[in-house]
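According to our numbering, the residues represented by the sequence shown are 2 to 137, in order.
Glycine included, C-beta positions come from ideal geometry on N, C-alpha and C.
Here the structure is laid out as structure tokens; the discussion comes afterwards.
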Amino acid sequence: MNDLNARVIEEFRANAGRVGGSLSGTPMLLLHHIGVRSGIERVTPLACSPRPDGGIAVIASNGGSPTHPTWYHNLTAHPRVTVEMGTETFVAEAAELDDAARADLWPELVAEAPTAGTYQARTARRIPVFILNRVP
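Encoded structure:
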């Protein structure tokens, strides 16, 4: 884990799921996922978009780089995850949106977080979108 992520995680946990600085006001979560090769649990802070149906959208932008973030591969291999959001922790199932569902949701995500559109413009790859659904 890099130092920036470690600081964001610490601040998130100390402030009931809120972080400051450039992320101030951004809905955030901490995603606990299992490494596809290592089998070790990782924790990644992510911006998120709670959906009206209770799902939570996250985008695998990796800052617009040409490759998917490591957590993308971990979720495709191990879709059952643990999520910290606000002061709540719960188990969720991650589902990658197909092209049609992503196309429907993408404009809303970009309207909420314009940097998502900037990241997509930086890369030739289609930035994946996952929906995290709580497991009852």
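In the displayed model, Leu98 falls within coil according to three-state DSSP, outside both helix and strand. Nearest Cα to Ser23 within the set Thr71, Glu12, Ala125: Glu12. The Cβ atoms of Phe131 and Ala96 lie closer than 8 Å to each other. Note that the C-beta distance between His33 and Leu76 is not below 8 Å. Nearest to Glu113 by alpha-carbon distance, out of His74, Pro28, Gly87, is Pro28. Here Glu109 is exposed. Its C-beta has fewer than 16 other C-beta atoms within 10 Å.
In this structure, the alpha-carbon of Arg19 lies about 10 Å from that of Thr88.
Taking the Cα positions, Ala78 is about 12 Å away from Glu94. Residue environment analysis places Pro51 among the exposed positions, since fewer than 16 neighbouring C-beta atoms fall within 10 angstroms of its C-beta. In this structure, Ala61 lies away from Pro137, with their beta-carbon atoms at least 8 Å apart.
Taking Arg14 as reference, the option from Arg135, Ser25, Met86 with the minimal CA-CA separation is Met86. Inclusion of Leu133 and Gly56 in the CB contact set at 8 Å is warranted, their separation being smaller than that value. DSSP, read as helix, strand or coil, puts Asn75 in helix.
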